[in-house]
Structure formats: structure tokens, C-alpha cells
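Notes to accompany the following structure.
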Amino acid sequence: MSEFSKSRIIYNLERTRVLSLRMIERVPHEQWFEMPTNVTHVAWHVGHMAIAEYFLGLLLVRGAQDSDEALIPGEYRDLFGYGSQVSAGSSGYPSPSDLLLVLERVHEQVLTETRAMSDDVLDEAVVFNDPEFDHHPIFDLKGGSLEWLSFHEHIHIGSIGLLRRELGAAPVEYLEESRAGTKFV
18 MSEFSKSRII YNLERTRVLS LRMIERVPHE QWFEMPTNVT HVAWHVGHMA IAEYFLGLLL
78 VRGAQDSDEA LIPGEYRDLF GYGSQVSAGS SGYPSPSDLL LVLERVHEQV LTETRAMSDD
138 VLDEAVVFND PEFDHHPIFD LKGGSLEWLS FHEHIHIGSI GLLRRELGAA PVEYLEESRA
198 GTKFV
């Protein structure tokens, strides 16, 4: 019996993305490239979430496919991948609407492929075909890669929330919103 539950992985991927989008939408597009602490900006986090979801949810699970170029632009790895350097301002970056489109496209593909895969795939070893990434310190199975995807995205939700506050926004009052009837669906 597997230690992984495909239905739980899918549930976590879906719910995490709802929370991500709720945080992202609270930052006006004109502030996405501001770096209040001179470290990072919201646009980088959104692009990074897209390339990380591609890497963790597709590349490490089923390998690269020719159709991936239509899914995620090739420059995303350099702009938003592990070890990428964040530049101030919007020059050289996709627009917020383009970033959101790629984020959605990759997410939908991960969900589609995860739903369609056999449960047995979750217990298969990840094959690292990249000399830069020959292992991951958190997981070695495909189910672990898919599980880590949600945890990784939560890190960036927090970073976006912190940037939002540094840009002058008031704290998000989730309990107040909930009491007022807001549901994150």
C-alpha cells in the first residue's frame, strides 16, 4: 500500500492554489515589480510558483515533453528557477497577466495529468535527468514530488503576504472575512 493518496494530493493542490490566488489578487499589478526590501518582488514569486509547479508536478513525474514549450515559456527557468536573480522593475519580465496565465496553464496540466495517472506512479522513483538537479533533499518518489509542490507553494504564499505588508497593505483578516461569509472556493 502506498504512503501517498492521489485524491489527497489533488485536494491539496487545488486548495493551496485557491489560497495563493487569494493572496496574489490582493496585490495591485502596478506593485508587482516593487522590491520594498530590495530582495524580491511579487512577480518573481508568481513566476517561480509556475516554474516550480512545472518542475515538481510534471518534469520530475513524467519527464519533459515536446508540448511543454507551449505550456511554459523557455525563459522561465532563467527568470524564475532555482538560483535565479531577481531584478528590480518590470524590464525583462512577463506582465502580471501573462504570469497568471502561465501559472494557471501549468496548474491545470498538473491536475489533468495527476488525475489521469495510475496510483502506482506515485511510488515510482523520480528520475533526475538534469546535472544541476541530481536529487531532492525532501523526496525521492513521484508522490513525494507532488506532495512537496503544495508545501513549496505555501512558502511563497507567505512571502507574497509579507511583500504585500511591506508595500503598505493592512493585514489580511481571514477570520473577519470568514465571519462576514467569505469562502475561498
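Residue numbers (this note's numbering): 18 to 202. Ideal Cβ placement from N, Cα and C applies to all residues, glycine included.
If you check the beta carbons only, do residue i and residue j fall under 9 Å apart?
i, j, result
"TYR99", "TRP61", "no"
"ILE41", "LEU117", "yes"
"VAL78", "LEU180", "no"
"TYR71", "VAL123", "yes"
"LEU166", "LEU139", "no"
"VAL143", "PHE156", "yes"
"PHE21", "GLY198", "no"
"THR54", "GLU194", "no"
"ALA105", "PHE50", "yes"
"SER19", "ASP137", "yes"
Which partner residues of residue i appear in the DSSP bridge assignment?
i, result
"ASP147", "PHE150"
"LEU158", "ALA142"
Beta-carbon within less than 8 Å of residue i's beta-carbon, same chain only, minus the 5 sequence neighbours each way: which residues are those?
i, result
"VAL103", "MET52, VAL56, THR57, HIS58, TRP61"
"GLU170", "THR33, ARG34, SER37, MET66, ALA69, GLU70"
"ILE89", "ALA67, ILE68, TYR71, VAL119, ARG122, VAL123"
"ALA186", "ARG43, VAL44"
"SER203", "Given that the chain is displayed from residue 18 to residue 202, the structure contains no residue 203 and the question cannot be resolved."
"ASP3", "Look at the range of the chain in this structure, 18 to 202, and you will see that residue 3 is not part of it."
Let me confirm a value: residue i is counted as buried when at least 16 other C-beta atoms fall within 10 Å, else exposed. Which label applies?
i, result
"MET66", "buried"
"LEU76", "buried"
"PRO113", "buried"
Suppose the cutoff is 6 Å on Cβ atoms and the five residues either side in sequence are ignored; what does the same chain contact list for residue i look like?
i, result
"GLY178", "MET40"
Using a Cβ-Cβ cut-off of 9 Å, state whether residue i counts as contacting chain B.
i, result
"HIS124", "The structure shown has no chain B; it contains just one protein chain."
(message) Count Cβ pairs between the region 130 to 138 and the region 20 to 35 that sit closer than 8 Å; are there 3 or more?
(response) yes
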